[in-house]
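Trainee: Take this structure, written in structure tokens, and hold onto it; I'll ask about it next.
Protein chains: 2
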Amino acid sequence: MIDYRRLRVALLGAGSVGSQVADLLLAHSDELADRAGAALELAGIAVRDLDAPRDVELPRDLLTTDADTLIVGSDIVIELMGGIEPARSHILAALNSGADVVTGNKALLATHGAEIFDAADQVGASVYYEAAVAGAIPIIRPLRDSLAGDRVQRIMGIVNGTTNYILDRMDSEGAEMADILADAQRLGYAEADPTTDIEGFDAAQKAAILASLAFHTSVPLDAVHREGITSITKAEMDAARHAGYVIKLLAVCERVTGRDVDEAISVRVYPALIRRDHPLASVHGVNNAVFVEAEAAGNLMFYGAGAGGVQTASAVLGDVVSAARRHIAGGAGVGESTRANLPVLDIGHVVTRYQVTLEVDDRPGVLARVAGILSEGRVSIATVEQTIQPGPDGTAGTGSARLVIGTHKAVEQDLDETVQRLAADDVVVRVVSVLRVEGD
Amino acid sequence: MIDYRRLRVALLGAGSVGSQVADLLLAHSDELADRAGAALELAGIAVRDLDAPRDVELPRDLLTTDADTLIVGSDIVIELMGGIEPARSHILAALNSGADVVTGNKALLATHGAEIFDAADQVGASVYYEAAVAGAIPIIRPLRDSLAGDRVQRIMGIVNGTTNYILDRMDSEGAEMADILADAQRLGYAEADPTTDIEGFDAAQKAAILASLAFHTSVPLDAVHREGITSITKAEMDAARHAGYVIKLLAVCERVTGRDVDEAISVRVYPALIRRDHPLASVHGVNNAVFVEAEAAGNLMFYGAGAGGVQTASAVLGDVVSAARRHIAGGAGVGESTRANLPVLDIGHVVTRYQVTLEVDDRPGVLARVAGILSEGRVSIATVEQTIQPGPDGTAGTGSARLVIGTHKAVEQDLDETVQRLAADDVVVRVVSVLRVEGD
Chain A
1 MIDYRRLRVA LLGAGSVGSQ VADLLLAHSD ELADRAGAAL ELAGIAVRDL DAPRDVELPR
61 DLLTTDADTL IVGSDIVIEL MGGIEPARSH ILAALNSGAD VVTGNKALLA THGAEIFDAA
121 DQVGASVYYE AAVAGAIPII RPLRDSLAGD RVQRIMGIVN GTTNYILDRM DSEGAEMADI
181 LADAQRLGYA EADPTTDIEG FDAAQKAAIL ASLAFHTSVP LDAVHREGIT SITKAEMDAA
241 RHAGYVIKLL AVCERVTGRD VDEAISVRVY PALIRRDHPL ASVHGVNNAV FVEAEAAGNL
301 MFYGAGAGGV QTASAVLGDV VSAARRHIAG GAGVGESTRA NLPVLDIGHV VTRYQVTLEV
361 DDRPGVLARV AGILSEGRVS IATVEQTIQP GPDGTAGTGS ARLVIGTHKA VEQDLDETVQ
421 RLAADDVVVR VVSVLRVEGD
Chain B
1 MIDYRRLRVA LLGAGSVGSQ VADLLLAHSD ELADRAGAAL ELAGIAVRDL DAPRDVELPR
61 DLLTTDADTL IVGSDIVIEL MGGIEPARSH ILAALNSGAD VVTGNKALLA THGAEIFDAA
121 DQVGASVYYE AAVAGAIPII RPLRDSLAGD RVQRIMGIVN GTTNYILDRM DSEGAEMADI
181 LADAQRLGYA EADPTTDIEG FDAAQKAAIL ASLAFHTSVP LDAVHREGIT SITKAEMDAA
241 RHAGYVIKLL AVCERVTGRD VDEAISVRVY PALIRRDHPL ASVHGVNNAV FVEAEAAGNL
301 MFYGAGAGGV QTASAVLGDV VSAARRHIAG GAGVGESTRA NLPVLDIGHV VTRYQVTLEV
361 DDRPGVLARV AGILSEGRVS IATVEQTIQP GPDGTAGTGS ARLVIGTHKA VEQDLDETVQ
421 RLAADDVVVR VVSVLRVEGD
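Respectively, the protein sequence lines represent chains A and B.
If you number the first sequence the way the working numbering does, the last residue is 440 and the count never jumps.
If you number the second sequence the way the working numbering does, the last residue is 440 and the count never jumps.
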């Protein structure tokens, strides 16, 4: 047994991830010491309530409600409390005392990342946050280190397990969202209040973090365009399947060199159609995956469990070992590079493909009229499919038809205005849906 | 423009990867400097022949045939010559002079890895080798860093693009290997002498590197069991497809806690059956993928281009940026941990599932006889399928039938002995094939 230098580790938070981290730190201490080159001594676990029930039984004498005192003198501080305060203050205090910080706090990084990375730079400490995006999947380190010599062109991520579970079951079972959501809540895959997940807030935080890292640019959360999945119906899922697509909630981070800008980025979260033969289409259940297109490396995909206490704890512990190695090696920490400082495009300037579904009058000349409006609006048609709507008894026509229009690449603003003009036109009964198509 | 500290970079080798690395280093120098926090100054490129044709035009004044002189005084040495010597001597000289080393040399690392990592440890330098396994796919860094706090249980990798291309086309087109191989050679996906790829030598080198890293154990190349794909016929591919499987050349690295051993590892390369719904089954063409099962993280997959000059150059440049950051930060390098030092099991002790295809006499009692031999040999049957062989004219029976037996998990040695007993038995006309089944 080697007599390793001891590093004092403070853990803040003992929720589903924190309690697993504590458990693994204690259970595998010898192995972790060999890998880190240092003995990782868990000095204490700061919790709000000493008597709260936990996923894993933790030694009572390690628990404390006094995080401030615990942080003092620690070499590595693991923040798994979540939320903005007091997590932010604790992390800043830890960095200022010379500790390296490991965190899984996506909400904090997406809103106060720049402040935290600056604080780390000032003192030469490091902040590790592999657990903040896509749970157990190594994606932060590959983007920060492995692709540091390359230029990322686009990231498309399935980064929220709850919404992927819901959309995947809607797709495979032909069910309505409400039924699946209730089931997901019963199984613990969705919160009692699912807003953060199904409205895309969680995915938007992760998109901001991924884009900041990939494009070496500080991307504020409010620059991320966000749409949730609540508008997706069984009918839309069925139509997507029929057309060879599946609907996924995607976080898209893209380098753009458009007609008005030299170089910019676009960061957006929305449900989108993706072809069934795309690798992201085969990501099922609560799994996550991040598809990266880089200039030299080509297409890469990282796939695995996007959440779960023990799975995410794996990512945290990897970061703890990295922090320990760096702490032992000495030298300055690796700062976040935001030197590219690219502008973030408004959603109106984004260029992508669309699928527009219209209910129209079933009479001659309607298609020509619709095509004319699209053409005037600078939206070019790639495919059209027309189906006659059956009457309520399933036999006679209702006088209306359905047009499913796939567009070539168009500017979002042009598409928006064109859809408004279509909606106002006499021949259009209603605009059934507008969905982006990604990954072609 | 920031006035960065300059780091002297020496490049050894200007083949398909090396010339792309030089090109990207020169073209993206400003961006790379921002990311590395240091100006990466390409001091020279050592080549064997100054006038050899190259994939990319390189500045003539950077070329030199004197690698020894080029290495002196360099901060980072990139070795992309391949082969054992003089690559090994150059790397050792570089490390001993205090340089960090980036290499993509799998043959060297699989045979002299321990020597090189020891030399780096002695002087506190680092060796980076992301490009040595699976081209552009970040897999070394995730294994070394991201999963450093976890326990890898199994790795199954498609790590050779040439064989995956051949098997994938045999599967999708129902073609024989010889035809596809000729085509692959024409397209540049296979070498004129394809032995290294199709006999599994290349995959075995990568398996040794992956296993060493994942299990913190020095795995010598000759401890890797290796079988190539030349025994795979169209008939076997068709039978696999019929049974819901696909045949892939897999590099399997497994932590084993068997009946005779407390803890050991097994490292093996062979063509194996894998279920069509396994994520590895959808890895097509020359792509690579590495599927990792870890105790805490669960299942992860890393997918992308496994070869190609510019793709692999991306991995090299990521390592160069990491090396530069470390060089600037100072402190000791991260050594390779081989402290677990697990024994490597002989193939005879490996436990897996098998599919045994027999041609047998078509008469009553044969199945019972075969089942008896399997049972005596401690091989338990999971599934049996029997088909009558049509006669040459397609109408009458030939007197023989085909038995496809899927086994439960069995010990390789037991299976081997049992198959020998089957082959010698009167009722068995011949053993058509024996294939392992992985990933269930």
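Think of the CB as a built atom: it goes at the ideal place given N, C-alpha and C, for glycine as much as any other residue.
1) Quickly, what does DSSP pair B/Q185 with across the bridge? List them, please.
2) Taking 8 Å as the threshold (beta carbon to beta carbon), is B/A192 in contact with chain A?
3) Can you give the Cα-Cα distance for B/R144 and B/L213, rounded to whole angstroms?
4) CA-CA distance, A/G73 and A/I140?
5) Are the Cβ atoms of A/A324 and A/L7 separated by less than 8 Å?
6) From the DSSP output, read off the bridge partner residues of A/R276.
7) Measure how close the beta-carbons of A/V320 and A/V102 come, nearest whole angstrom, since I'm counting them as under 8 Å.
8) Just how far apart, CA to CA, sit B/D61 and B/D51?
9) Look at B/L25 and B/L42 and say whether their C-beta atoms are less than 8 Å apart.
10) Just confirm the distance between the C-beta atoms of B/V437 and B/Q355, as a whole number of angstroms; I'd bet it's less than 8 Å.
11) Note down the Cα distance separating B/A47 from B/T196, rounded to an integer number of angstroms.
12) Using the beta-carbon count (16 or more within 10 Å), is B/D100 buried or exposed?
13) I want to see whether chain A comes within less than 8 Å of B/Y189, judged by CB atoms only; does it?
14) Among residues of its own chain, excluding the 5 on either side of A/I373, which ones have a beta-carbon nearer than 8 Å to its beta-carbon?
15) Out of A/V316, A/A296 and A/S375, which one is the CA nearest neighbour of B/V17?
16) Roughly how many whole angstroms lie between the Cα atoms of B/V246 and B/L280?
17) Closer than 9 Å between beta carbons: that is the criterion. Which residues of the segment 115–133 of chain A meet it against chain B?
18) Does the beta-carbon distance from A/A315 to B/S146 come in below 8 Å?
19) How would you call B/V443, buried or exposed, if buried means at least 16 neighbouring beta carbons within 10 angstroms?
20) Considering only C-alpha positions, which residue in the set B/Q311, B/Y189 and B/A340 is nearest to B/I166?
21) Going along chain B in order, which residues have a C-beta closer than 7 Å to the C-beta of A/Q153?
22) Going along chain B in order, which residues have a C-beta closer than 9 Å to the C-beta of A/H216?
23) Short check: CB of B/D414 to CB of B/R353, under 8 Å?
24) Going by C-alpha distance, which of A/E385, A/V428 and A/Q311 is nearest A/G161?
25) If the criterion is Cβ atoms closer than 8 Å, does the pair B/H349 and B/V411 meet it?
26) To test your reading of the DSSP string, which unbroken alpha helix (DSSP H) runs of 4 or more residues are found completely within the segment 305–380 of chain B?
27) Can you find the residues in the same chain that come closer than 8 Å, C-beta to C-beta, to B/L187, ignoring five residues on each side of it along the sequence?
28) Measure from the alpha carbon of A/A178 to the alpha carbon of each residue in A/R402, A/A22 and A/I232, then state which is nearest.
29) Counting pairs of beta carbons, one from the segment 234–241 of chain B and one from the segment 124–134 of chain B, are three or more of them closer than 8 Å?
30) Evaluate contact between the segment 114–123 of chain B and the segment 203–211 of chain B, counting only Cβ atoms and requiring at least three cross-stretch pairs below 8 Å.
31) Can you tell which of B/G309, B/D416 and B/E227 has its C-alpha closest to the C-alpha of B/Y270?
32) Could you spell out the range, first to last residue, of the alpha helix (DSSP H) harbouring A/G113?
33) So which residues on chain A does B/V431 lean against when the C-beta distance must stay under 7 Å?
34) Consult DSSP for A/E173 and reduce its assignment to one of helix, strand or coil.
35) Would you say the beta carbon of A/G285 is closer than 7 Å to some non-hydrogen atom of the ligand FMN?
36) Between which two residues does the beta strand (DSSP E) holding A/F291 run?
Mentor: Judging by the given coordinates:
1) Bridge partners of B/Q185: none, in fact.
2) B/A192 does not count as touching chain A.
3) Computed Cα separation, rounded: 6 Å.
4) Linking A/G73 to A/I140 through their CA atoms gives a straight-line distance of about 28 Å.
5) A Cβ-Cβ contact shorter than 8 Å links A/A324 with A/L7.
6) By DSSP's assignment, A/R276 forms no beta bridge with any residue.
7) With 8 Å as the limit, A/V320 and A/V102 qualify as a contact, their Cβ atoms being about 5 Å apart.
8) Note on geometry: alpha-carbon atoms of B/D61 and B/D51 lie some 12 Å from one another.
9) A Cβ-Cβ contact shorter than 8 Å links B/L25 with B/L42.
10) By a beta-carbon distance limit of 8 Å, B/V437 contacts B/Q355. Their separation comes to about 6 Å.
11) Checking the sequence, you will find Val at residue 47 of chain B rather than Ala. A direct Cα-Cα distance of roughly 24 Å separates B/V47 from B/T196.
12) Looking at its Cβ environment, which holds 16 or more other Cβ atoms inside 10 Å, B/D100 is buried.
13) No, no contact with chain A.
14) Cβ neighbours of A/I373 beyond the five flanking positions: T418, R421, L422 and D425.
15) If we check each option's Cα against that of B/V17, A/A296 comes out closest.
16) Cα-Cα distance, rounded: 10 Å.
17) For the segment 115–133 of chain A, the beta-carbon criterion of a distance under 9 Å to any beta-carbon of chain B is satisfied by G124 and E130.
18) A contact, by the Cβ cut-off of 8 Å.
19) Residue 443 of chain B lies beyond the range of chain B shown here (1 to 440); nothing can be said about it.
20) When each option's Cα is compared against that of B/I166, the closest is B/Y189.
21) Going along chain B, no residue has its Cβ under 7 Å from A/Q153, so there is no contact; the nearest lies around 12 Å.
22) Contact annotation for A/H216 against chain B: E31, D34 and R35 [CB-CB distance below 9 Å, chain order].
23) It is not a contact, given that the beta carbons lie outside the stated cut-off.
24) Here the closest residue by C-alpha is A/Q311.
25) For B/H349 and B/V411, yes; Cβs fall inside 8 Å.
26) List check, alpha helix (DSSP H) in window: 309–329 and 366–376.
27) For B/L187, where only same-chain residues beyond five positions count, there are no Cβ hits under 8 Å.
28) The shortest C-alpha separation from A/A178 is found at A/I232.
29) They do not touch, by the three-pair rule.
30) Too few Cβ pairs lie closer than 8 Å, so no.
31) Taking only the C-alpha atoms, the option nearest B/Y270 is B/E227.
32) K106 to V123 is the extent of the alpha helix (DSSP H) around A/G113.
33) Residues of chain A passing the Cβ test: none, with the nearest at roughly 36 Å.
34) Correct three-state label for A/E173: helix.
35) Among the ligands in the structure shown, none appear at all, so the ligand FMN cannot be discussed.
36) Counting along the chain, the beta strand (DSSP E) containing A/F291 begins and ends at N287 to A294.
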